[in-house]
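Peer 1: Residue numbers (the UniProt record's numbering): 1 to 445.
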């Protein structure tokens, strides 16, 4: 029987990772002779949620097994329970894992509803009670707590995608620093770019692919072709023996969060702004105020090129800003800029006129009374206008430090011809053949 399964919230600040858990779960199903014909999906949800997990990601996959729905649920539930207790220790750290399972025949009947649920999960806040009601009304088998929201959402992902290859560490290395040959990363970047993305920060001279903390992920490679990602993995020199790797189809780098806009807190929005004023704050952040009393826009110093652009903007410029709506210190809305398109640059400046005789700046003769030079007794009715050069041009600007869902401007979302069934079966075959399957057996015993 064919099923679609979603899981979420299996990480913690101590250990564990939802992608790691889902890979082990797939391995377990593969060992039970279940047919897996597609790559698992890694689904990033609303990046603005303040209580999200580290990457706010959930996983879904399709599996064809000679077992009943109840038997599959028992297997998923038992594996989840053991992983959270033995690996992530999530129950002690307020983690609330969940899962969702649906018979594939029923999935096709409610596909539109699932896609709508996914769209909301990417762009808005979904209460737990609403998710439970949605599952009940659509006969989705759920378990766990808050993680079931992302689990259901992952079932509905079916749009533009890229790929991520994640490598995992052996358990004895989880508490050790990650060490990799940086030159090998730069070499891979030079060979495979632009089909691979976000490998190395050349500004700070450090790798971007490494995971952080004590989770089991060693590094992640992102791109548009899984075969290229495998070649890149084989180019990179990790200075420890890795446990296994998995490739996910994902909504990362697709601008999914910009497709469903809103105006409430923690939603993503997009708006045109005619600039009234620019204020550079202590520390380098830039505040942009519009002329029509739109919400303030903040461009953080850490956004680098985007922040540099914001410092060059001036009154009268017209921009289009996309970003997250967050509460500010006085509970008003503030827009955290993620991307700015410059639509019009004001290249004129109004100045108090110069005296035509002494060439000194005139002074005001009073409100609405023009300008005068006391020395030469000359007079001008209004300010003069002159053209100025600008250090920026029209176009689209964004930070080089991408959020998970942000699409790099240059990225082409191609869909390579691949045999997903052959690829995922090769990966799982390597997993079950590795000599040390200690973590896998921990959640199976």
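Beta carbons are placed, not taken as given, at the ideal position from N, Cα and C, and that holds for glycine.
Using the Cα positions of residue 233 and residue 198, report the straight-line distance between them to the nearest angstrom.
Peer 2: Whole-angstrom Cα-Cα distance: 14 angstroms.
Peer 1: Could you give the residue range of the beta strand (DSSP E) that holds residue 349?
Peer 2: 348-351 is the extent of the beta strand (DSSP E) around residue 349.
Peer 1: Quick one: what does DSSP say residue 284 is sitting in, helix, strand or coil?
Peer 2: Residue state, collapsed to three classes: coil.
Peer 1: Given this structure, state the Cα-to-Cα distance separating residue 208 from residue 226, to the nearest angstrom.
Peer 2: Straight-line Cα distance between these residues: approximately 19 angstroms.
Peer 1: Just the Cα atoms here: how many angstroms apart are residue 316 and residue 48?
Peer 2: Those two C-alpha atoms are separated by around 30 angstroms.
Peer 1: For residue 327, which of helix, strand or coil comes out of DSSP?
Peer 2: Here residue 327 sits in strand by DSSP.
Peer 1: So, are the CB atoms of residue 413 and residue 250 less than 8 angstroms apart?
Peer 2: Not a contact, by the Cβ cut-off of 8 angstroms.
Peer 1: Note down, one range per segment and in chain order, each beta strand (DSSP E) of at least 3 residues found wholly within the stretch 51-103.
Peer 2: Here the runs fully enclosed are 57-64 and 98-103.
Peer 1: Go ahead and label residue 352 buried or exposed: buried means 16 or more other beta carbons lie within 10 angstroms of its beta carbon, across all protein chains shown.
Peer 2: So residue 352 counts as exposed.
Peer 1: Tell me, please, whether the stretch 265-273 touches the stretch 316-328 by the rule of three or more beta-carbon pairs shorter than 8 angstroms.
Peer 2: Verdict: yes, contact present.
Peer 1: Can you list, in chain order, the stretches of the beta strand (DSSP E) that have 3 or more residues and sit fully within the stretch 196-225?
Peer 2: List check, beta strand (DSSP E) in window: 217-223.
Peer 1: Taking C-alpha atoms, which residue in 135, 168, 394 and 203 lies nearest to residue 242?
Peer 2: Per the Cα distances, 168.
Peer 1: What is the DSSP secondary structure of residue 182, counted as helix, strand or coil?
Peer 2: Three-state result, residue 182: helix.
Peer 1: Indicate the three-state DSSP secondary structure (helix, strand or coil) for residue 276 in the structure shown.
Peer 2: Of the three classes helix, strand and coil, the one that applies to residue 276 here is strand, per DSSP.
Peer 1: Around the C-beta of residue 99, are 16 or more other C-beta atoms found within 10 angstroms, so that it is buried, or is it exposed?
Peer 2: By the 10 Å Cβ count, residue 99 comes out buried.
Peer 1: Measuring CA to CA, which of 182, 235 and 155 is closest to residue 191?
Peer 2: Residue 191 has its Cα closest to that of 235, out of 182, 235 and 155.
Peer 1: Answer yes or no: do residue 96 and residue 147 have a C-beta to C-beta separation smaller than 8 angstroms?
Peer 2: Yes, the Cβ-Cβ distance between residue 96 and residue 147 is below 8 angstroms.
Peer 1: Residue range of the alpha helix (DSSP H) that residue 131 falls in?
Peer 2: That run of the alpha helix (DSSP H) goes 128-137.
Peer 1: By the DSSP assignment, the alpha helix (DSSP H) with residue 13 in it spans what residues?
Peer 2: Neither: residue 13 is in no alpha helix (DSSP H) and is coded neither H nor E.
Peer 1: Determine contact between the stretch 75-85 and the stretch 7-16, defined as no fewer than three beta-carbon pairs at a distance below 8 angstroms.
Peer 2: Yes, since at least three Cβ pairs between the stretch 75-85 and the stretch 7-16 fall closer than 8 angstroms, the two stretches touch.
Peer 1: Let me know if residue 101 comes out buried or exposed under the rule of 16 or more other beta-carbons within 10 Å of its beta-carbon.
Peer 2: The residue in question, residue 101, is buried, as its Cβ has 16 or more Cβ neighbours within 10 Å.
Peer 1: Quick one: measure Cβ to Cβ for residue 329 and residue 41, integer angstroms, because I've assumed they're closer than 8 angstroms.
Peer 2: The pair is not a contact, with the Cβ atoms about 38 angstroms apart (cut-off 8 angstroms).
Peer 1: Should residue 398 go down as buried or exposed, given a rule of 16 or more other Cβ atoms within 10 Å for buried?
Peer 2: By the neighbour-count rule (16 or more Cβ atoms within 10 Å), residue 398 is buried.
Peer 1: Below 8 angstroms CB to CB, which residues in the same chain sit around residue 3 once its five sequence neighbours on both sides are set aside?
Peer 2: Answer for residue 3: 62, 63, 64, 65, 69, 72, 101, 102, 103 and 104, listed in chain order.
Peer 1: Mind checking residue 306: buried by the 16 CB within 10 Å criterion, or exposed?
Peer 2: The residue in question, residue 306, is buried, as its Cβ has 16 or more Cβ neighbours within 10 Å.
Peer 1: Give the DSSP bridge partners of residue 363, in chain order.
Peer 2: In the DSSP output, where bridge partners are listed per residue, residue 363 has 372.
Peer 1: Residue 308 lies in the alpha helix (DSSP H); which residues open and close that run?
Peer 2: Taken as a continuous stretch (DSSP letters only), the alpha helix (DSSP H) holding residue 308 covers 305-312.
Peer 1: Between which two residues does the alpha helix (DSSP H) carrying residue 18 extend?
Peer 2: Looking at the DSSP string, the run of the alpha helix (DSSP H) that includes residue 18 is 18-31.
Peer 1: Round the Cβ separation of residue 254 and residue 405 to the nearest angstrom and send it over; I've been treating them as touching at under 8 angstroms.
Peer 2: That belief holds up - the Cβ atoms of residue 254 and residue 405 are roughly 7 angstroms apart, short of 8 angstroms.
Peer 1: Which residue comes first and which comes last in the beta strand (DSSP E) that contains residue 247?
Peer 2: Note, residue 247: beta strand (DSSP E), 242-250.
Peer 1: Which class does residue 401 belong to by DSSP, given the choice of helix, strand or coil?
Peer 2: Reduced to three states, the DSSP call for residue 401 is coil.
Peer 1: Would DSSP call residue 254 helix, strand or coil?
Peer 2: In this structure, residue 254 counts as coil in the three-state DSSP scheme.
Peer 1: Is residue 221 closer than 8 angstroms to residue 164 when the C-beta atoms are compared?
Peer 2: Result yes, Cβ atoms of residue 164 and residue 221 sit closer than 8 angstroms.
Peer 1: What separation, rounded to the nearest whole angstrom, lies between the Cα atoms of residue 194 and residue 181?
Peer 2: Taking the straight line from one Cα to the other gives about 21 angstroms.
Peer 1: Rounded to a whole number of angstroms, what is the C-alpha to C-alpha distance between residue 9 and residue 58?
Peer 2: Cα to Cα, residue 9 sits roughly 7 angstroms from residue 58.
Peer 1: Bridge partners of residue 271, per DSSP?
Peer 2: Its beta-bridge partners are 321.
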